[in-house]
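Below is one structure; the comments refer to it alone.
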Amino acid sequence: MSPTPRDSASPSPSAQGLPDAEARAQVVDAAKEIARAANLRVTYATFEWEWCNDQGEPPYHGRVDVAYEVPAGTQSAAMAKQVAAVAARQPGWAPGPPPGLNPYGEVVHKGGVMAIASVGNYPERGALQIFGECRNMTDHRDDSALKDITGEVRGH
Numbered sequence: 001m002s003p004t005p006r007d008s009a010s011p012s013p014s015a016q017g018l019p020d021a022e023a024r025a026q027v028v029d030a031a032k033e034i035a036r037a038a039n040l041r042v043t044y045a046t047f048e049w050e051w052c053n054d055q056g057e058p059p060y061h062g063r064v065d066v067a068y069e070v071p072a073g074t075q076s077a078a079m080a081k082q083v084a085a086v087a088a089r090q091p092g093w094a095p096g097p098p099p100g101l102n103p104y105g106e107v108v109h110k111g112g113v114m115a116i117a118s119v120g121n122y123p124e125r126g127a128l129q130i131f132g133e134c135r136n137m138t139d140h141r142d143d144s145a146l147k148d149i150t151g152e153v154r155g156h
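Listed below in structure tokens is the structure:
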């Protein structure tokens, strides 16, 4: 389950549903924008659908996970702060989470889309997680496999 359950920060799905392509674009485009702005050396990126409740039922949101190389001589935590600072300077992005959310990590948001930069699984890696709005009403219960989008995020 996502660390971003549907709350007052996410519009009511019945009022403003988000088609699959738009829900996916929310997070994939955000990943591409941040990776490009922060000049990240992306090692891999994945997309998946996550439910926004405890029942595994709609609404869903898109999620992108990005792993990137941390330059030699730079601490992963310092790099995460730098990535978030660069992202917050991009048009439409702001530091911190959307209202009502308190995730751990270096957080920025653009509307209801939230990006969290943090340390990676290895000292020489960093991690970026991007969560879209809980507005997709398609039932993705049987569509939970990770999809490799590394080339797309890298711009290939």
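Heads up, the sequence shown is in my numbering, so the first residue is 1 and it goes up one at a time.
Each residue gets a CB set at the ideal place from its N, CA and C atoms; glycine is no exception.
* Ignore the nearest five residues each way along the sequence and tell me which others in G92's own chain have a CB closer than 6 Å to its CB. => K110
Quick check on this structure: which residue in A88, A115, D142 has the alpha carbon closest to the alpha carbon of L101? A115
Q: Could you say which of L40, A30, E22, E48 lies nearest to H140 if we only look at CA atoms?
A: E48
Let me confirm a value: S175 is counted as buried when at least 16 other C-beta atoms fall within 10 Å, else exposed. Which label applies? Nothing in the structure corresponds to residue 175, since the chain is present only between 1 and 156.
query = Looking at C-beta atoms only, is the number of pairs between the segment 58 to 67 and the segment 28 to 37 that lie closer than 8 Å three or more?
reply = yes
Requested in this report: Would you grab the beta carbon distance between D148 and T46 for me? Rounded to a whole angstrom, and I think it's under 8 Å.
Outcome: 6 Å
Those runs of the alpha helix (DSSP H) which lie wholly inside the segment 19 to 56 and span at least 4 residues: 20 to 37
**Asked** What residue does the alpha helix (DSSP H) around S76 start on, and which one ends it?
**Response** 76 to 88
Ordered along the chain, which non-local residues of its own chain (more than five positions away) have a Cβ less than 7 Å from that of M137?
-> P13, G17, P58, P59
If you count every other CB in all the chains shown that lies within 10 Å of the CB of Q55, and 16 or more means buried, which is it?
-> exposed
Expressed to the nearest angstrom, what Euclidean distance is found between the alpha-carbon atoms of S76 and G151? Between the C-alpha atoms of S76 and G151 there is a straight-line separation of about 23 Å.
DSSP three-state call for E152: helix, strand or coil? helix
field: beta strand (DSSP E) segment containing E106, residue limits
entry: 106 to 110
Worksheet item: Opposite L146 in the DSSP bridges: which residues?
Response: In DSSP, L146 forms no bridge with anything.
### Query
Among residues of its own chain, excluding the 5 on either side of E106, which ones have a beta-carbon nearer than 6 Å to its beta-carbon?
A80, K81, A84, A117
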